[in-house]
Amino acid sequence: MRVRPMPGVSVASVDATGRLELLAESPVGTMRYRCGPVGTAMWIALRQYEGDAGAAARLLAELWNTAPENARADLDIWVEEMRDAGLMCAEPCP
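For any residue, its number in the working numbering is found by taking its place in the sequence shown, counting from 1, and adding 3.
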């Protein structure tokens, strides 16, 4: 499965503690969302691998010294939360 940011979602910043701030354009204005360092790493890994969740999970497993299936489970949960928030979508995006 490949996942992408929804149209209108962009990165505003990543601070020194690793917190990612996303901006999402909506009919009511610009919404701000923040991710902690783990979510930031997941976002970056997905973007590095063009939305390929399997490849991103393998990278995260290596970086975090954990089993690939555990990294993939955590990534899948996070992606689902991001999809529920309207920040990501599975290809093809609307």
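C-beta atoms are modelled at their ideal positions from N, C-alpha and C, and glycine is treated no differently.
These numbers come from a predicted model, not from an experiment.
In the DSSP assignment, Met-9 falls outside any alpha helix (DSSP H), carrying neither H nor E. Nearest to Glu-28 by alpha-carbon distance, out of Asp-87, Val-14 and Val-41, is Val-14. Check the Cα spacing between Gly-11 and each of Ile-80, Arg-35 and Trp-67: the tightest is with Arg-35. In this structure, the alpha-carbon of Glu-72 lies about 22 Å from that of Gly-39. Counting C-beta atoms within 10 angstroms of its own C-beta, Trp-46 has 16 or more neighbours from the protein chains shown and is therefore classed as buried. Between Leu-78 and Ala-60 a beta carbon distance of about 5 Å is seen, short of the 8 Å cut, so the two are scored as contacting. Note on Met-85: 16 or more other CB atoms within 10 angstroms of its CB, so buried under the neighbour-count rule. Put simply, of Val-82, Thr-33, Trp-67 and Gly-21 the residue whose alpha carbon is nearest the alpha carbon of Leu-49 is Val-82.
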